[in-house]
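Please read the structure below before turning to the comments.
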Amino acid sequence: MLIQPVVTQMHLPAGMAGPEPMDLDVRCFIVPHASGVTIVDTGPDKSASRIADKLAEIGGGWGDVTDVILTHHHPDHTGGLADVIEHAPAATVWAGPDDTFPVSVSPAREGAVIRGLRVIATPGHTAGHLSLLAVEDDVLLIGDLAGNRDGRLVRAPEPFTADAAEAERSLQKVTLLDFARLLPSHGAPSDRQALRDLVAAR
Ligand SMILES: [Zn+2]
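Note that my numbering has the sequence shown beginning at 487, numbered continuously upward.
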């Protein structure tokens, strides 16, 4: 079964991500596997009902959630974490060991494979930022390393990126991976060629 996005619309007022106000969506993902589902990111605060709706849509529920993987510690990706843990207390929560979280998480290290998702350490946006390669699906979940704004793949807004040079090295790293489709955490799906074009254009 395909990876399912859970989409939340956001509005950033002028001055937050740049001089202009910005409307964007933030996505977390439900990744079905052989014995349940993995949730990648938990969305902003109050996302649990949207996640529950999507679980129901694919014929599942909270009891199917075996793992939660966080791409990084920013609040639009982790705001729903406490509620998700409450609904799925048996799930293992994973994240990059160099990010900090209000709950204890299991370290998701480079090369580890969690329910078919290979961990790719992609620091820069945050120190512990990670991407996930869904090998069977030919998909890279790229977190906030790049986003899709109005049909164009772009880097995350600079005010939100901790180390732009390191993020650039991570972008170059993931262009070498083998995948076809790209799922950013902000904006619609994209593909590997768009990512290559983005990196080459710098
Ligand atoms: Zn972020």
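Idealized CB from N, CA, C, for every residue including glycine.
Check your understanding: Do Leu627 and Leu618 have their C-beta atoms within less than 8 Å of each other?
Key -> yes
Check your understanding: Gly566: buried (16+ other C-beta within 10 angstroms of its C-beta) or exposed?
Key -> buried
Practice item. Would you give the residue range spanned by the alpha helix (DSSP H) that Leu684 belongs to? Key: 678–686
Practice item. Assign Leu488 to buried or exposed, taking buried as 16 or more other Cβ atoms, counted over all protein chains shown, within 10 Å of its Cβ. Key: exposed
Exercise for review: Using 7 Å as the cut-off, classify the Cβ of Ala650 as near or not near the heavy atoms of ligand 1, replying yes or no.
Suggested key: no
Point to revise | Counted within 10 angstroms of its Cβ, other Cβ atoms place Val570 as buried (16 or more) or exposed | key: buried
Practice item. Sort out for me which residues DSSP pairs Ile571 with in a bridge. Key: The partner list for Ile571 (beta bridge, DSSP) is empty, contrary to what the question assumes.
Check your understanding: Going by other Cβ atoms of all chains shown within 10 Å of its Cβ, with 16 needed for buried, is Pro670 buried or exposed?
Key -> buried
**Study point:** The alpha helix (DSSP H) enclosing Leu657, as first and last residue numbers
**Key:** 650–661
Review point. What does Gly633 pair with, by DSSP beta-bridge criteria?
Key: Val640
Review point. Helix, strand or coil for Thr524 per DSSP?
Key: strand
**Study point:** Residue nearest to Pro575 in terms of C-alpha spacing, selected from Ile544, Met496, His611, Gly549
**Key:** Gly549
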